[in-house]
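Participant: The structure's right below; bear with me while I get my questions together.
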Amino acid sequence: MSSIKDFKDQNGYVLAHAAIPDGYQIGGSLVNGFQHESVPFFVTVHAVNPETKAIIYGLTDEKYTTYKNQMIKMTLKAMSDVKWNSIRDFIEPEVYLDTFAAALSGMPSIKAVGKADLPSICGKNQQQAFNDFMALYQDSFERDASLGTPTRANNILVKSFMRKYDGVAKSGAACTVVAGMDYNGIEYYSEASMLGAINPLAGLLGAAVKNKQAAGSSKKFGQGSPCDAIDWGAKNKFLLVCPKEHERAALVDFMEFVQTFHMDPHLRNQFYQQISQRIQMRMQETARFQSMARANMQSLQMNQQRLAQTLAQNSQAMSNMIMDSWNQKQASDARISQARSEAIRGVNSYQTTYGQNVDVSVTADHVYQDRYGDVYGVSGTAPDQEFLNRNDWTELHKNNE
């Protein structure tokens with residue numbers, strides 16, 4: 004049976020939490036440094052079953068920006084601190100997942116054989132995941148207004164999905180690969196400004212944040228109307244690789260891992276705080292060029308701090324919810340397992356007044372304990388009260404009744 008485990012790095016620092024059976028060897032690492040303006044660091048974790056050779060991976064927070072506006076591209080080339088590893092040509096979400104699965108599985112070739120929704124924390128809370136994604140951009144209006152840089156969203160996609168693949172390992176063994184991700188992306192228009200070029204969070208939403216019209220867009224993501232740039236990536240990515248003969252058991256372990264995986268709340272709070280600090284730094288840089296009013300700067304900084312706190316609280320609330328749900332599931336499973344065991348053995352379980360659990364045949368209609376702690380099972384009609392009082396018998400009740 005699985006239980007929630009702490010995934011730690013080699014120094015014992017807690018990175019994430021997820022359900023995994025005891026037989027797995029687990030670990031992880033923290034990759035520090037801004038992968039993207041909105042990704043100050045990310046976490047990778049793994050779980051390996053030495054017996055079945057099943058491997059499970061979990062990765063957090065990856066984002067890229069595709070610039071289509073030539074003026075922005077020219078501006079970027081003149082900047083020495085641009086994170087070039089965050090700039091990539093756009094690829095469709097399904098192709099993005101296929102590329103991830105092929106690269107991490109290490110197999111020469113894999114073939115997609117099925118797809119489904121991903122039951123991750125984000126996948127089971129799609130509206131909250133959408134709200135949190137949009138919240139990262141909501142203050143962009145005020146920053147754009149202060150800089151005279153109008154922007155608007157063209158298309159938004161927030162969804163959780165997974166695909167199953169058949170593959171062959173280098174050893175020749177037939178394998179199953181399952182990959183999933185909590186994908187998010189946004190297409191937007193933004194006039195070429197210094198802030199817009201060096202900070203993708205600086206001006207994206209325009210009317211979309213006010214009325215959420217873009218959220219229901221029917222356009223295929225990445226193929227909507229022409230836009231200046233696209234932010235795209237994954238909140239979380241997951242992968243399972245296992246031999247075909249162990250697919251059924253490994254899939255159960257993988258799904259429980261996916262349903263409970265989340266970055267440690269304290270680490271997630273640091274994540275949002277660093278984003279907030281980064282945006283403030285960019286705003287201050289831009290203020291030197293644009294002569295932004297100090298009063299506006301102070302107000303925007305306060306708003307950004309509140310946003311970071313709100314996102315951290317949302318992350319904690321979602322983590323608490325999934326932990327409570329998991330604990331309830333475990334308690335239910337334990338009761339079912341006990342009932343099944345009792346039925347097989349032909350007994351019911353009772354607890355004495357001393358707190359000791361005892362098993363009594365299911366043929367007993369009444370169970371009593373005397374003054375010495377001895378337990379008796381009685382079939383048929385219960386003894387009369389005079390008999391019970393004389394022998395100081397106390398009736399016991401089944402556990403869980």
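Under our numbering, the very last position in the sequence shown is 404; numbers go up by exactly one each time. We put the beta carbon where it would ideally sit given N, CA and C, even for glycine.
Can you give me the C-alpha to C-alpha distance between L18 and D135, rounded to a whole angstrom?
Facilitator: Each residue's Cα considered, the two are about 21 Å apart.
Participant: Which stretch, first to last residue, makes up the alpha helix (DSSP H) that contains Y99?
Facilitator: Here the alpha helix (DSSP H) through Y99 covers 96 to 108.
Participant: With a 10 Å radius around its C-beta and 16 neighbouring C-beta atoms as the bar for buried, classify Q13 as buried or exposed.
Facilitator: Under this definition Q13 is an exposed residue.
Participant: For V34, which residues from the same chain have a beta carbon less than 8 Å from its beta carbon, with the 5 sequence-adjacent residues on both sides left out?
Facilitator: If we look at V34 and ignore the five residues flanking it on each side, its Cβ neighbours are F44, F45, V46, T47.
Participant: As a quick exercise: from V378, D231, A176, S163, pick the residue whose alpha carbon is nearest that of E248.
Facilitator: Checking every option, the nearest Cα to that of E248 belongs to A176.
Participant: For a test of the three-state rule: what should DSSP assign to Q359, helix, strand or coil?
Facilitator: The answer is coil: DSSP assigns Q359 none of H, G, I, E or B.
Participant: Tell me which residue opens and which closes the beta strand (DSSP E) that D120 is part of.
Facilitator: It spans 113 to 120 - the beta strand (DSSP E) in which D120 sits, taken as one unbroken run.
Participant: Going by C-alpha distance, which of K71, P24, E95, T397 is nearest L160?
Facilitator: Ranking K71, P24, E95, T397 by Cα distance to L160 puts E95 first.
Participant: At which residues does the beta strand (DSSP E) containing G380 begin and terminate?
Facilitator: 378 to 381 is the extent of the beta strand (DSSP E) around G380.
Participant: Tell me the DSSP secondary structure of R309 in three-state form.
Facilitator: Note: R309 maps to helix in three-state DSSP.
Participant: Note the first and the last residue of the continuous alpha helix (DSSP H) segment covering Q13.
Facilitator: From DSSP, Q13 is part of no alpha helix (DSSP H); its letter is neither H nor E.
Participant: Would you tell me roughly how many angstroms separate the C-alpha atoms of T179 and H269, rounded to the nearest one?
Facilitator: One C-alpha to the other measures close to 35 Å.
Participant: Let me know if K240 comes out buried or exposed under the rule of 16 or more other beta-carbons within 10 Å of its beta-carbon.
Facilitator: When all chains shown are included, K240 counts as buried.
Participant: Roughly how many angstroms lie between the CA atoms of Y60 and K401, to the nearest whole one?
Facilitator: Those two C-alpha atoms are separated by around 43 Å.
Participant: Sort A104, Q319, A232 by Cα distance to T408 and report the nearest one.
Facilitator: Since the displayed the chain opens at 4 and closes at 404, residue 408 lies outside it and no answer follows.
Participant: I'd like to know whether the C-beta atoms of K66 and G236 end up nearer to each other than 8 Å.
Facilitator: Contact flag set, yes.
Participant: Taking the CB atoms as reference points, tell me whether F164 and D120 lie closer together than 8 Å.
Facilitator: Taking 8 Å as the Cβ cut-off, F164 and D120 qualify as a contacting pair.
Participant: Tell me where the alpha helix (DSSP H) around I124 begins and ends.
Facilitator: Unbroken alpha helix (DSSP H) run through I124: 124 to 127.
Participant: What residues in its chain sit with their C-beta under 6 Å from that of Y186, if we drop five residues either side in the sequence?
Facilitator: Excluding residues within five positions, the ones whose Cβ falls inside 6 Å are P96, K162, A237.
Participant: Please list the terminal residues of the continuous beta strand (DSSP E) segment that includes L18.
Facilitator: Taken as a continuous stretch (DSSP letters only), the beta strand (DSSP E) holding L18 covers 17 to 23.
Participant: Quick one: what does DSSP say E259 is sitting in, helix, strand or coil?
Facilitator: Looking at E259 - three-state DSSP - the assignment turns out to be helix.
Participant: Near T356, what residues of its chain come up, given a Cβ to Cβ distance below 7 Å and the 5 sequence neighbours on each side ignored?
Facilitator: Hits under 7 Å: Q372, T397.
Participant: Do A104 and A22 have their C-beta atoms within less than 8 Å of each other?
Facilitator: No, Cβ-Cβ distance for A104 and A22 is not below 8 Å.
Participant: Is it buried or exposed for T384, if we count other Cβ within 10 angstroms and need 16 for buried?
Facilitator: Exposed: under 16 other Cβ atoms inside 10 Å.
Participant: Could you have a look at A72 and say whether DSSP puts it in helix, strand or coil?
Facilitator: As written in the sequence, residue 72 is Asn, which differs from the Ala given in the question. Reduced to three states, the DSSP call for N72 is coil.
Participant: So, for K167: in the same chain, excluding its five sequence neighbours on each side, which residues have a beta-carbon less than 6 Å away from its beta-carbon?
Facilitator: Taken in chain order, the residues that qualify are V116, G117, V181.
Participant: Cα separation between L243 and V363?
Facilitator: Cα to Cα, the separation comes out at about 45 Å.
Participant: Given M266, which residues of its chain have a CB within under 6 Å of its CB, disregarding the five upstream and five downstream residues?
Facilitator: A19, V46, T63.
Participant: Grouping DSSP H, G and I as helix and E and B as strand, with all else coil, what is S41?
Facilitator: In the structure shown, S41 sits in coil (DSSP, three-state: anything other than H, G, I, E or B).
Participant: Helix, strand or coil for H400 per DSSP?
Facilitator: If DSSP states are grouped into helix, strand and coil, H400 belongs with coil.
Participant: Checking 8 Å against the spacing of the C-beta atoms, do E40 and R281 come in under that value?
Facilitator: Yes, these two residues count as a Cβ contact at 8 Å.
Participant: So what's K247 in DSSP terms, helix, strand or just coil?
Facilitator: Helix, per DSSP.
Participant: Taking only three categories from DSSP, how would you classify A374?
Facilitator: In the sequence as displayed, the identity of residue 374 is Arg instead of Ala. Looking at R374 - three-state DSSP - the assignment turns out to be coil, as it is neither helix nor strand.
Participant: Rank D377, K71, G31 by C-alpha distance to the C-alpha of K11 and give the top, closest one.
Facilitator: Measuring from the Cα of K11, the nearest candidate turns out to be G31.
Participant: State the DSSP-derived secondary structure class of D327, mapped to helix, strand or coil.
Facilitator: Correct three-state label for D327: helix.
Participant: Expressed to the nearest angstrom, what Euclidean distance is found between the alpha-carbon atoms of P246 and F260?
Facilitator: One C-alpha to the other measures close to 18 Å.
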